[in-house]
Amino acid sequence: MKIEKQQIASLNKSKKAEHTVQLDFALNQLNSKGIDGHAIIQKIKDFQVAIPSWALGAGGTRFGRFSYGGEPSNLHEKLDDIGILHALTNTAGSVSLHIPWDTPEDYDATKQIAASHNITFDAVNSNTFQDQKDAKLSYKFGSLSNSEDAIRNQAIQHNIEVAKIGEKLGSKSLTVWLADGATFPGQSNFQKALQNTENSLKEIYKELPLDWRMFIEYKPYEPNFYSTVIQDWGTSLMLANSCGDRAFCLVDLGHHLPNTNIEQIVATLMLKGKLGGFHFNDSKYGDDDLTVGAIKPYALFLIFNELVYGMANNANNPDLAWMIDASHNIKDPLEDLIQSLEAILIAYAQALLVDQDTLRAAQQDHDVVKCQEILQDAYRTDVRPLLKESRLQADAAIDPLAVYRDLNVRENLINKRGNDSIASGL
Ligand code: PSV
Ligand code: MN
Numbered sequence: 037m038k039i040e041k042q043q044i045a046s047l048n049k050s051k052k053a054e055h056t057v058q059l060d061f062a063l064n065q066l067n068s069k070g071i072d073g074h075a076i077i078q079k080i081k082d083f084q085v086a087i088p089s090w091a092l093g094a095g096g097t098r099f100g101r102f103s104y105g106g107e108p109s110n111l112h113e114k115l116d117d118i119g120i121l122h123a124l125t126n127t128a129g130s131v132s133l134h135i136p137w138d139t140p141e142d143y144d145a146t147k148q149i150a151a152s153h154n155i156t157f158d159a160v161n162s163n164t165f166q167d168q169k170d171a172k173l174s175y176k177f178g179s180l181s182n183s184e185d186a187i188r189n190q191a192i193q194h195n196i197e198v199a200k201i202g203e204k205l206g207s208k209s210l211t212v213w214l215a216d217g218a219t220f221p222g223q224s225n226f227q228k229a230l231q232n233t234e235n236s237l238k239e240i241y242k243e244l245p246l247d248w249r250m251f252i253e254y255k256p257y258e259p260n261f262y263s264t265v266i267q268d269w270g271t272s273l274m275l276a277n278s279c280g281d282r283a284f285c286l287v288d289l290g291h292h293l294p295n296t297n298i299e300q301i302v303a304t305l306m307l308k309g310k311l312g313g314f315h316f317n318d319s320k321y322g323d324d325d326l327t328v329g330a331i332k333p334y335a336l337f338l339i340f341n342e343l344v345y346g347m348a349n350n351a352n353n354p355d356l357a358w359m360i361d362a363s364h365n366i367k368d369p370l371e372d373l374i375q376s377l378e379a380i381l382i383a384y385a386q387a388l389l390v391d392q393d394t395l396r397a398a399q400q401d402h403d404v405v406k407c408q409e410i411l412q413d414a415y416r417t418d419v420r421p422l423l424k425e426s427r428l429q430a431d432a433a434i435d436p437l438a439v440y441r442d443l444n445v446r447e448n449l450i451n452k453r454g455n456d457s458i459a460s461g462l
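Position 340 of the sequence shown, counting from 1, maps to 376 under the working numbering, and the rest follow consecutively.
Okay, here's the thing in structure tokens:
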């Protein structure tokens with residue numbers, strides 16, 4: 037299914053009058069504070085978030101999985117779904133492939149379909165957290181950290197292969213996330229596991245094309261419950277530094293112990309020019325993979341405040357690879373992704389409103405009350421009319437969720453693909 041611009045334009049018509057009133061109000065409000073709302077609209081319009089190829093079907097937990105119906109059962113259908121998201125939102129302009137779940141069979145056809153939806157290929161993700169069908173050796177006790185040379189080597193070769201696949205599609209980065217660790221004390225030697233991981237990552241890094249980046253993702257626990265080899269940002273930074281200039285840390289919002297100050301981590305990594313990738317989701321307890329902004333929207337805003345500050349002040353930090361990394365267990369995955377994109381853009385736009393100069397002056401004066409007022413004034417501003425306008429200007433939907441429902445997208449997908457098609461992934 038492909039959504040035509042014309043269909044969106046005609047549904048936009050009914051929302052236009054109300055939108056114009058709300059936009060005028062928002063622009064005037066910003067204008068009175070000396071903020072150019074149009075510049076913010078442009079920045080929102082330019083912001084693109086990669087959609088992971090594994091997030092277009094229903095996710096699940098270890099207790100079960102409930103299919104959604106109409107799920108894409110191959111890569112091309114997944115690209116079609118991202119095309120729908122991009123047509124509606126103008127924010128989902130790239131895909132992040134997980135290999136081997138979504139290895140292309142016909143590269144030209146895959147590239148053609150992606151191009152027809154204006155979708156580019158973002159970071160490719162390797163997978164050494166599962167044993168693949170034809171695998172000779174098992175990752176049950178680790179991959180890049182494994183104590184056995186042959187297993188480490190298999191995992192290294194897989195990562196190199198994933199980069200080769202990405203190269204054929206125009207990707208420019210490889211994300212490595214390891215499930216390696218230990219479930220029980222004494223199970224593995226911490227020092228040797230870390231050393232093996234460092235050596236393995238260096239081997240992979242050495243083979244990457246010179247215009248590629250490597251992102252090293254960290255996570256404190258799960259699937260191993262006692263220890264994880266790359267457990268935190270410090271370990272990730274240490275490994276990135278030892279690999280070289282084109283290796284960076286990747287922050288996944290769900291990969292922190294409760295109450296971790298993620299905004300401070302972001303600031304630290306950007307100061308050092310070492311933040312490369314970012315995975316969005318939200319959580320209450322652990323790596324819950326819930327819709328970003330659903331549980332802690334203020335924390336998301338504070339994180340974006342540091343990201344915006346870093347993007348303006350840390351020229352040594354590269355442009356970030358943004359990606360949604362959530363699991364859609366009970367909601368329609370496409371609706372959930374639309375909600376995610378909205379939450380991301382809201383937090384981004386609010387962070388753009390922060391008056392950095394006044395904040396700096398208030399910090400210098402140790403005026404703590406004023407500092408808080410500045411942040412909360414930005415956070416409490418309704419920026420949704422700016423998001424709507426950015427979409428309207430890009431021929432996307434003023435209200436993507438409403439258009440999605442008005443066009444009966446899910447019903448159409450079910451009619452075409454059936455009720456029990458299953459998307460690959462977790
Ligand atoms: C691991 O929890 C993770 O966040 C990594 O990014 C994986 O690639 C992704 O989820 C999907 O399994
Ligand atoms: Mn992730």
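For each residue, glycine too, the CB sits at the ideal point set by N, CA and C.
Please read all numbers here as calculations on a predicted model, not as lab measurements.
Less than 8 Å separates the beta-carbon of residue 379 from that of residue 329. Between residue 350 and residue 306, the gap from beta carbon to beta carbon is short of 8 Å. Residue environment for residue 317: buried (at least 16 other C-beta atoms within 10 angstroms of its C-beta). With contacts defined by Cβ atoms closer than 8 Å, residue 357 and residue 251 form a contacting pair. According to the DSSP assignment, residue 99 belongs to no beta strand (DSSP E), since it is labelled neither H nor E.
In this structure the region 47-67 does not touch the region 320-335; the number of beta carbon pairs closer than 8 Å is below three. Non-local beta-carbon contacts of residue 247 in its own chain, meaning distances under 7 Å to residues more than five positions away in sequence, involve 208 in chain order. In this structure, residue 180 keeps its C-beta atom at 8 Å or more from the C-beta atom of residue 144. In the pairwise beta carbon analysis, the region 362-370 is classified as not touching the region 402-412: fewer than three pairs are separated by under 8 Å.
The residues 131, 146, 149, 150, 153 and 155, in chain order, have a CB closer than 8 Å to that of residue 115 in the same chain once the five nearest residues on each side in sequence are set aside.
In this structure, the beta-carbon distance from residue 138 to residue 111 falls below 8 Å. DSSP places residue 126 outside both helix and strand once states are collapsed to three, so it counts as coil.
Between residue 52 and residue 435, the gap from beta carbon to beta carbon reaches 8 Å or more. Between residue 381 and residue 127, the CB-CB gap stays under 8 Å.
Distance from the CA of residue 185 to the CA of residue 195, rounded to the nearest whole angstrom, comes to 15 Å.
Around the beta carbon of residue 74, fewer than 16 other beta carbons sit within 10 angstroms, so the residue counts as exposed.
Under DSSP, residue 249 shares a beta bridge with 209. Relative to the non-hydrogen atoms of the ligand MN, the Cβ of residue 213 comes within a distance shorter than 7 Å of at least one. Between residue 232 and residue 182, the C-beta spacing is below 8 Å. In the DSSP secondary-structure assignment, residue 285 is bridged to 252 and 311.
The C-beta of residue 423 has 16 or more other C-beta atoms within 10 Å across all chains shown, which makes the residue buried. The beta strand (DSSP E) runs of length 3 or more contained entirely in the region 329-360 are, from start to end of the chain, 357-360.
When distances are taken from the beta-carbon of residue 258 to the heavy atoms of the ligand MN, even the shortest one reaches 7 Å or more. Here the alpha carbon of residue 448 sits roughly 8 Å from the alpha carbon of residue 37. Selection 225, 172, 454 and 125 evaluated against residue 263 yields 225 as nearest (Cα-Cα). When 72, 48, 41 and 49 are compared, the shortest CA-CA separation from residue 391 is found for 72. Looking only at 253, 339 and 389, the smallest Cα-Cα distance to residue 288 is reached by 253. Checking the 7 Å criterion, the Cβ of residue 292 is out of range of every heavy atom belonging to the ligand PSV. Closer than 7 Å to some heavy atom of the ligand MN: that describes the Cβ of residue 315.
Annotated as distal: residue 441 and residue 433, with beta-carbon spacing of 8 Å or more.
In this structure residue 375 is buried. Its beta-carbon is surrounded by 16 or more other beta-carbon atoms within 10 angstroms.
In this structure residue 458 touches residue 103 by the C-beta definition: roughly 6 Å separates them, less than 8 Å. In this structure, DSSP gives residue 316 an extended state, which the three-state scheme calls strand. Cβ neighbours of residue 241 within its own chain (closer than 7 Å, five residues either side excluded): 250, 279, 280 and 283.
A direct Cα-Cα distance of roughly 43 Å separates residue 96 from residue 66.
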